[in-house]
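*Asks:* The sequence shown: position 67 = 66 (numbering that gives the first Met the number 0), numbered continuously.
Backbone N, C-alpha and C define an ideal beta-carbon position, used for all residues, glycine too.
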Amino acid sequence: MSVSIKPFKPASFTVEKIERKIGGVCSMLKSSTIVKNCVKNEIGHHLKQLSEVCFSVTLDHSFGIDDPCLRFGNDVPGPVDSLENLRFSDSFKRVLFHCLNIKKPLSIQRHLWPLVGAGFSVCCVSGQRSGKTSSYLIPILERIKNGNERTSNGPLVLIICSCHKIASAVLQEIIKFRGNKKYPQVSVIQSFVDFNGRQTEIVIATPLPLLRLIEDNRISLGKCLFFVLDDGDKALELYLEPIKQIYSHYISSSQTRFSGEFSNTPNRKPLILKTLIFAEKWTENVEKFKNTQYRPVVLFGSFFESLIASKVKCAIELTDSEKNRTETLRKLVDSRLAANVDSIAVLCCTAIEAFEVIRCFSQTNIHAIRIDEKTHVFDTRVTQRGIILVVIDAHIPLMKSINDVQCLIHYNLPATKTVFSTRFSLARQRLQIEETANQIAPCESYIILSSSNKIQVHQLYNFLKRCKMNIPVEVELLRRSVPRPLCKHYLSLGYCQLKKYFCFNRHSFNSDEKAILSLPITGQLKGFITSVLSPNEVYMQINEYRNENSFKWKRVNRMISREAFQIELNRLQMKKSRYLANVVADEVHAVLVNGNIHRVKVLSTSKEGFRLKINLFHIDFGSYSTCSTKELIPLPEALKYVQPFVNQVHVWGIKPVDNEIEWNEKCTQRFVEIVNNKAVECVTAWVLLQINGIFWVEEMRALSKLNHITEQLITTKISQTLLDERFAERNMQQLPNFNFTRDYTLLKWKCEIQQSIIKKAFLDDDTKEVYLSCFYSVDEVYLQIANLSDCLKRLEKDLNDSNSRREKVPHFFKNSVCLCAKGGESKYKRAQIQSVNADDTVTVKFVDYGDVMVTNKENCYLIEDKYITTLPFQAIRCKLSGITGSVNRNLVYNYTRVESTPKSVLAKKMTLENGIYITRLYVEVEPTLNCRKFYSLSKWLVENGHAKYSNEVESKVESILSLENEIAKEEESNEEQKIISHQINNFYDFLFAQANKVKEKKMNVEERGKEGEKKVETRAQRLHRTIKKYAKKNERQPEKEETESSSELPDVSNLPDTAFDFSYANSEQITTILPFDAADVESSNESEDSFHENDSS
């Protein structure tokens, strides 16, 4: 029912007649007394002022619920009222009626079925679940159902989707419509499904794979009848350039001239092609694509997007408090009336607000009339005399005839965007997406905003931004004060491609979001995966961690272990729980799952018939489920606030292929197969960031064990596996707070390990032949073992001839070992970092010579562990015994060297103090064939006035040391050994002779009988035992002597006696056990799955 107000002749105008008319209208409308009196008083007050314009009130009983679909286009078929009026075949109608169970078409379907069937190009903007997909699929399938256009040269219908989920949904719709028939053939082209060129009538594809096939001439669009963009706003936002190229191929294949990139160009021939685009939002790219279509019909499923397309003017009027809202309204109405606005409507959320508005204007010349469900049409000339309309949101859908209001004033914002957009139905006649000859004044919109509108401020901000309106600073500050959740795409990928139009969440961290100190902040994590939502988002139970402070694993501190907490939860099964009457979101309860009690958080509730459906999140597992009210178990307060046992973890460094916004199910399934393998013992990952218990990690690896083998053998890089199998692409985006400390931590761990595997040469108690390699003072002298000099030369030769690429040291730690070239030399030698200087230099000490040098950091390179463990550090620090003084080092070098060749020096160890050997050094002088003489270095320094004795004992020491006595002792011991060996050999001869006699007697054993046989055998056995006993004793004698000579020396493996029995390349003698995963330090050229060398065992 509606009310229309029409002018009539002044001759019939009387007060009585108007009163009777109003009374009749109010009685028929069955309005309340207040409304009746309000209408009569308002009209009576202005009765004398209306000298020229008079009106009458009549009723319109044909009013119904307004159709939300707005259509813009000329000379197009109208919507259908029912399925019977469709121009489809009877068989196809039966499919719609019976198979698809379609009884009444939706609003979008009523308009689009005749348009698509007639061959019009369409641009449809409507929300989700509005029937867009079926609105174009049904007429297209009816068009090609007979198979007259069957062809093998290419598809008849091309449907481009924004992601694989939309493509799968479209495929399911086609299968549902097609039924068991094999025609038409449908092919879905995604990143993981290759197109084999088979005959197909409908191709559903995402842009990038489709473009590759078109450029490879594997798909031809010459026979394509329908070009469809489903979810076109997102598709154009994500794949603008690829869609341009596909569209260009489509135009050129149809032998139609195409020019420009989604823009109108002069002298262009009409593109009489069937192009359809369906979107949720009106964006710039959608508008540009619409401009390329030939006479398109534009449809809007809601007023909200039509407002943006019509470029409605919208302004914000700020008020300090709710009390000043009416005053702001009064000033705004005065300004608009002064601007000669045709009609004004004040929109309120409730009847109380409408009453406040009417009371606000009761003492002014402006007269507010409340329009409710009984009043639907008004004459715009009434508002020129100072009358405004007051409308409540609940009555707007019932007002069909009020459609031409010029100025809409939002006294307060509604709770939802749908109600806000419905308000503009009062001005739908003024919504124009294109300029026309009969251009009317556009609609104006004003919003009165206060601090109480925090709920709607985000939607309002995006609405103003899309309308390209000026946003006041107060609105921006109000928006920032309202908390928003972080965007899931930003959390997982570091960027969000949909934030311009589609995503209203936050894309940056707040200053108050910090790390939880009880959880790891840096380093490496170890645990297992409990739930996989996508390859970028998993839930992980973290059991152990380690960081740069220590390479040993530490347990994560928790109030209670998971096992003990599960026992406490399971005790709730024995208790009789009460029924939960009211279930509120964000509450924590419990639910029974496979015999165990799980803690769950209520996410949301919804009704399905008479049953309440509750969406749950399992706090300690990271999974989602649904249940009913009866399945919920009340949880004690003490158990609610225990810290969750799992943490949300975002795996960094990978993203979906082809710029997809969602992960393919195959990728997620492959990830699950890797981490949930029975052989996987644990999962490790490196922490990039931790905020509020959420982790961002890299280098996630699954550590697996083979059956019956305790040692970890296989390490699988999860992200690298997905990249190699083309399930993912590498993501180079980074969050601003990332801490890339992995290389630093690994190198620090390696430095700590080096300290445990480093071995140093030493001096024993005997006199040792050495070389003086470096002299700083009498208190700091460095020596080298003479018989290891050849080994050192071979080691340094291999260091410089190695084919492996040298890597510069990225981080410097004290006492770490590296490669460095000595000043003026090009060969690299082993060095140890002594200190890191502030001027980008380091102080290094050459561990085989004792020299100290300051060099640039760029001159230091990493060294492999095998070059550290194969040969001890040769530089032995010593101190000259019993002398003091300042000695010039060049004098000592001239005395101990011949040109550049060092002389032989004998070192006699006295004592060992704090790791420094107190020694006496003797330099070789006057070498002869039979004798080598050495002169005391201390004596030489004192005699030449370079030093002095610090005690009298040293002055009495002999100055010359000879090796003759040592040689004589060796010859004498050799003679004694020869005599002993001769005596043993003689005794052996005697024993063998006796044995031969026994053998001769044994030949007569049968004649002598059994008793004689036993006696001979017993005697022969005793002789053989004696021979073996002396033979073993003879073998052990040299080993015993060698053991006794070396028992007084420290135990140093891989320290040879001579230069010829040393082989540092023997890897069996090197057993370096790293405290971290061996795969963590492998080069990028190595295989991803690393095996130990002893796997053949």
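Does the region 843 to 856 come close enough to the region 767 to 786 to have 3 or more Cβ pairs within less than 8 Å?
*Replies:* Yes, they touch.
*Asks:* Whose CA, out of 361, 186, 109 and 609, lies closest to the CA of residue 166?
*Replies:* Checked all of 361, 186, 109 and 609; the closest Cα to residue 166 is 186.
*Asks:* Please confirm whether residue 448 and residue 351 have their CB atoms less than 8 Å apart.
*Replies:* The answer is no: Cβ separation not under 8 Å.
*Asks:* Under a Cβ-count criterion, where at least 16 other Cβ atoms within 10 Å of its own Cβ denotes burial, should residue 139 be classed as buried or exposed?
*Replies:* Result: buried.
*Asks:* Could you name the residues of the same chain whose beta carbon sits closer than 6 Å to that of residue 937, not counting the 5 residues immediately before and after it, in chain order?
*Replies:* Taken in chain order, the residues that qualify are 879 and 882.
*Asks:* Determine, using beta carbons only, whether residue 188 and residue 209 come nearer to each other than 8 Å.
*Replies:* Yes, the Cβ-Cβ distance between residue 188 and residue 209 is below 8 Å.
*Asks:* Which same chain residues, not among the five before or five after residue 409, have their C-beta less than 6 Å away from its C-beta?
*Replies:* Closer than 6 Å at the Cβ level, and outside the excluded window around residue 409, lie 346 and 446.
*Asks:* Going residue by residue through the region 453 to 537, where are the continuous alpha helix (DSSP H) segments of at least 4 residues, counting only ones entirely within it?
*Replies:* Listed in chain order, the complete alpha helix (DSSP H) runs (minimum 4 residues) inside the region 453 to 537 are 456 to 465, 472 to 480 and 487 to 492.
*Asks:* Touching or not, the region 612 to 632 and the region 503 to 517, by the rule of three or more beta carbon pairs under 8 Å?
*Replies:* Not touching, per the Cβ criterion.
*Asks:* Terminal residues of the continuous alpha helix (DSSP H) containing residue 112?
*Replies:* Per DSSP, residue 112 belongs to the alpha helix (DSSP H) from 106 to 117.
*Asks:* With a cut-off of 8 Å on the beta carbons, I'd call residue 492 and residue 686 a contact; round off their distance for me.
*Replies:* Not quite, the Cβ-Cβ distance comes to about 18 Å (not below 8 Å), so this is no contact.
*Asks:* Grab the span of the alpha helix (DSSP H) containing residue 209 for me, first residue to last.
*Replies:* Per DSSP, residue 209 belongs to the alpha helix (DSSP H) from 206 to 214.
*Asks:* For a test of the three-state rule: what should DSSP assign to residue 939, helix, strand or coil?
*Replies:* Helix, per DSSP.
*Asks:* Residues in the same chain with beta-carbon distance under 6 Å from residue 427, minus the five sequence neighbours each way, listed in chain order, please.
*Replies:* These residues qualify, in order along the chain: 402.
*Asks:* So, under 8 Å CB-CB, residue 213 and residue 202 are touching, yes? Tell me the CB distance rounded to an integer number of Å.
*Replies:* Between residue 202 and residue 213 the Cβ distance is about 10 Å, and since that is not below 8 Å, they are no contact.
*Asks:* What is the DSSP secondary structure of residue 103, reduced to helix, strand or coil?
*Replies:* Note: residue 103 maps to coil in three-state DSSP.
*Asks:* In angstroms with no decimal places, state the Cα-to-Cα distance between residue 305 and residue 443.
*Replies:* Distance between the alpha carbons of residue 305 and residue 443: 14 Å.
*Asks:* Which whole-angstrom value describes the C-beta separation of residue 869 and residue 794, a residue pair presumed to lie in contact below a C-beta threshold of 8 Å?
*Replies:* With 8 Å as the limit, residue 869 and residue 794 qualify as a contact, their Cβ atoms being about 7 Å apart.
*Asks:* Alpha carbon to alpha carbon, what distance is there between residue 738 and residue 717?
*Replies:* For residue 717 and residue 738, the distance between alpha carbons rounds to 21 Å.
*Asks:* Could you compute how far the alpha carbon of residue 1063 sits from the alpha carbon of residue 562?
*Replies:* Confidence at residue 1063 is low in this model, with a pLDDT of 38, below 50, so the placement of that residue should be treated as unreliable; the coordinate-derived value is given next. The alpha-carbon atoms of residue 1063 and residue 562 are separated by roughly 51 Å.
*Asks:* For residue 663, count neighbouring C-beta atoms within 10 Å of its own C-beta (all shown protein chains included) and say buried if the count is 16 or more, exposed if not.
*Replies:* That one is buried.
*Asks:* Could you give the uninterrupted runs of the beta strand (DSSP E) lying entirely in the region 602 to 650, keeping only those of 3 residues or more?
*Replies:* With a minimum length of 3 residues, the continuous beta strand (DSSP E) runs that stay inside the region 602 to 650 are 610 to 617, 623 to 626 and 646 to 650.
*Asks:* Note the first and the last residue of the continuous beta strand (DSSP E) segment covering residue 409.
*Replies:* From DSSP, the beta strand (DSSP E) with residue 409 extends over 406 to 409.
*Asks:* Just mark residue 596 as buried or exposed, buried being the case when its beta carbon has 16 or more other beta carbons within 10 Å.
*Replies:* It is buried - the Cβ of residue 596 has at least 16 other Cβ atoms within 10 Å.
*Asks:* Using the Cα positions of residue 279 and residue 559, report the straight-line distance between them to the nearest angstrom.
*Replies:* Each residue's alpha carbon lies about 49 Å from the other.
*Asks:* May I ask you to report which of helix, strand or coil DSSP gives residue 757?
*Replies:* Residue 757 falls in the coil class under three-state DSSP.
*Asks:* At the level of alpha carbons, what is the spacing between residue 816 and residue 768?
*Replies:* Rounded to whole angstroms, residue 816 to residue 768 spans 27 Å at the Cα level.
*Asks:* Mapping DSSP to helix, strand and coil, what is residue 241?
*Replies:* Three-state result, residue 241: helix.
*Asks:* In the DSSP assignment, find the unbroken alpha helix (DSSP H) run with residue 565 in it and report its ends.
*Replies:* From DSSP, the alpha helix (DSSP H) with residue 565 extends over 561 to 569.
*Asks:* Could you give the distance in angstroms between the alpha-carbon of residue 500 and the alpha-carbon of residue 649?
*Replies:* Approximately 25 Å between the Cα atoms of the pair.
*Asks:* Kindly list the residues whose CB is nearer than 6 Å to the CB of residue 108, restricted to its own chain and excluding five residues on each side of it in sequence; keep chain order.
*Replies:* Cβ within range, chain order: 130 and 134.
*Asks:* Pull up the CB-CB distance for residue 522 and residue 540, whole angstroms please, since I reckon it's below 8 Å.
*Replies:* Residue 522 to residue 540, Cβ: 17 Å. No contact.
*Asks:* Tell whether a beta-carbon distance below 8 Å holds between residue 653 and residue 722.
*Replies:* Yes, the Cβ-Cβ distance between residue 653 and residue 722 is below 8 Å.
*Asks:* What are the boundary residues of the alpha helix (DSSP H) that includes residue 135?
*Replies:* Counting along the chain, the alpha helix (DSSP H) containing residue 135 begins and ends at 131 to 142.
*Asks:* If you compare alpha carbons, which of 1000, 821, 390 and 694 is closest to residue 536?
*Replies:* The candidate whose alpha carbon is nearest that of residue 536 is 694.
*Asks:* Helix or strand or just coil, what does DSSP make of residue 666?
*Replies:* The answer is helix: DSSP assigns residue 666 an H, G or I state.
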